[in-house]
Each structure stands twice: as structure tokens, then as C-alpha cells.
């Protein structure tokens, strides 16, 4: 019994000593990990900038099937946030500041442990991206005990970061490389009314702007009792790849033509019917330039005359508002063309016979045959009509 008492006393003294040691520590930590990701900087930045993707790459989420993540309406950009709760505790994170394609600054709280989190993204050779993930903060008392028993904060948090960065690389490598492009050929688009916002944008920021504008258009339509009539689309009035700029209208199709009040940043319009070469892109938006190149090649090979009064149109059939997986995105691209002129075949017209006489014989007069009108051209095969 004395031995057990001594062991218990020794254990109690050890626990007290550990508690005193932990309590006297400042609990300040700083952890940093980097990895080269096999994807473009824009793709990696957009992926990390959206909190909805964290449940797919953060290692503690992947390894804890019981974890529940809650997402508000805004999950990317300044002011974005999310919350989580699992067997190891609960926490939240908020994005404080972003620099497009370069850095993300966040604030995180996990059961009393607070940290300033900073992501940086830099181009490397062969189109890859070096991602640096750094956290600096103050540990809660319980987390200080946990780290003291498990090799320190750098070991614990650093291991989480290493696994998470590996997951980002793996996920994006599949998501960005899984895509398909199909040139569907010439189709006919029917007219449709819409509401829109028109402005000039950097080409690389168009899809980001669309994610901001489309919810506003949807809210406008709901507030004013309008029914939508299809998927959102973007009209490219100009497309300047040299300067990286495009004048665009981000549109939401509606069931009837309307007028909006003066001074409103949302206006109305109508897309007239037109013929176009249609191309379907299934996959990440980074493949849009390849889809455009294949469409242009098709137009040239088929000797189709493009309508150069405007650039093209994109229908966001499945957008980032519908799915968080880049491989599941679907975009329909339409390049306007001038309709082919079908020549009308010439049909000979019969002339009436004229009456003739001889000095000795009278030839009876025959009524003139009426001219046969030229037959109508045969109708062309009906082209596909869709919107």
C-alpha cells in the first residue's frame, strides 16, 4: 500500500509540476510550412480563398468524419467566414484581407487558441505555385498542455499544415486536369429578355465578378417578382487579350421585358436571336482559352463568317455557385456568326406562242400559256434552337 501511495504522490507532484510549467509559459507560437503545388497561381489562390473547399483539404476535417462545418452566404474574399465543430473542439475563421492572386490574411479561433493566419502564393517554373502557410498566435491553457505532451506546437500544427498542403496539391491536380472541350457546331439562339450589370473588367477577374454580381441579380429578380428563364450568362462586348480587359454584361434571363428606374446599377435588355458556333467546356475556367482557340479553328476550317460586331457569349450552365468542384463546372460558349446566304435557283419562264399567218391559210389562235412562277426555295434543315 505504501508503494501505491508513493506512486500516487509522485504522479500528483508530476502533474502539479507540469501544470505550473505550462502556466508559466507564454504560449506564443509561430508555425510555417511551404509546398510547391502543381497548379497555376490563380487556380490555387481561388481554391484556398473559398472556405467551402476547406472541408476537402484541411487534414483535421478529412480525418474527422464527425466534423460539421457551417458556411454563411459569403465564403470567399474579405469578410468571408466559416465555423466548425468536431470531437476535438470547435472554432471559426474569418478572412480579413486579400490581395488578388498573391496573399490571404485570416483570423482563427480554436477553443481559445487564437492565431493570425497568412497565405502567400508565388509563381514557380512550369506554371506551378509555391504556397506558404504561416500561423502566429497564442495558445489556450489546454492547448499548451496538449502541445507539451505531444512534441510542441510546431510539430502538431506543422504536421496538420503539411498534410493539408499535400491534399491541396492532390485535389487540384485532379480537379484542374479533368476537363473536356467539345465544339458542337452551328446553332441558333432564340431571343430572351434579361437584367444585367455592364462594366469593364480584367479578364482574369471576370468569374470572380460574376460570383458577386449574379446573387445581386437574383435578389433583384426576387424582390421585383420576376421569374428567371434559364442560367446566368455573360455577354462579351469586347475581348482584348493583349491588355487583358473585356467589356462585359453579366446577365440573368427573365420571362418578360422590363424597364428599370433611372440611376439603377441593374438595367434591362433583350438578347436578339442569332446564329453562333457553340462550344461546351466541362471543367475549370482555366481551360477557357483552349476552348476559344478550338472554336476559332473550327470557324476557320469550316469557312464560317464570324459576326465581329461583338465578341462572344458564355452561359454558366454549372457555375461555382452550383458546385465547389472545378471538374464539374460547365460553360457553353457561343461565337456569333453571319447567316449563310442561300442562293435562289433560276427557273426558266415559258413565253406565250404568237399567232402566225400565211397568204393562203388561216391558223387558229391558241390561248397563251401563263408564265410559270419560280418555285419557292426548299426549306433548309431546321437548325437547333436553344437557350
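Numbering (our numbering), first residue to last: 42 to 428. Ideal placement from N, C-alpha and C gives every residue a C-beta, glycine not left out.
Query                                                                                                                                                             : Result
Please state the DSSP three-state secondary structure of residue 307.                                                                                             : coil
Apply the 10 Å Cβ neighbour rule to residue 429 and answer buried if 16 or more other Cβ atoms are within range, or exposed otherwise.                            : This structure gives no information on residue 429, because the portion of the chain shown stretches from 42 to 428.
Mind the definition here: the stretch 307-314 touches the stretch 229-243 only if three or more C-beta pairs lie below 8 Å; say whether that holds.               : yes
Decide if residue 167 is buried, meaning its Cβ has at least 16 other Cβ atoms within 10 Å, or exposed.                                                           : exposed
Which same chain residues, not among the five before or five after residue 98, have their C-beta less than 7 Å away from its C-beta?                              : 205, 208, 209 and 212
Look at the Cβ atom of residue 355, then the Cβ atom of residue 374, and state whether they are nearer than 8 Å.                                                  : yes
If the criterion is Cβ atoms closer than 8 Å, does the pair residue 124 and residue 133 meet it?                                                                  : yes
Is residue 378 helix, strand or coil by DSSP?                                                                                                                     : strand
DSSP puts residue 227 in a beta bridge; with which residues?                                                                                                      : 318
Find the nearest neighbour of residue 328 within the set 368, 378 and 277, judged by alpha-carbon distance.                                                       : 368
Considering just the uninterrupted stretch of the alpha helix (DSSP H) at residue 252, what are its terminal residues?                                            : 247-264
Using the Cβ count rule (16 or more neighbours within 10 Å means buried), how would you classify residue 69?                                                      : exposed
Note down, in chain order, each residue of its chain lying with its Cβ closer than 6 Å to the Cβ of residue 291, except the 5 sequence neighbours on either side. : 238, 251, 254 and 275
Can you check whether the CB of residue 318 is closer than 8 Å to the CB of residue 227?                                                                          : yes
Where does residue 341 sit, in a helix, a strand or coil, going by DSSP?                                                                                          : helix
Suppose you measure from the CA of residue 379 to the CA of residue 165; what does that come to, to the nearest Å?                                                : 44 Å
DSSP three-state call for residue 360: helix, strand or coil?                                                                                                     : coil
DSSP state of residue 100, grouped into three classes?                                                                                                            : helix
Check for me: the alpha helix (DSSP H) holding residue 204 runs from which residue to which?                                                                      : 194-218
Do the stretch 293-308 and the stretch 188-202 touch if we need at least three Cβ pairs shorter than 8 Å?                                                         : no
Out of 377, 330 and 247, point me to the one whose CA is closest to residue 350's CA.                                                                             : 377
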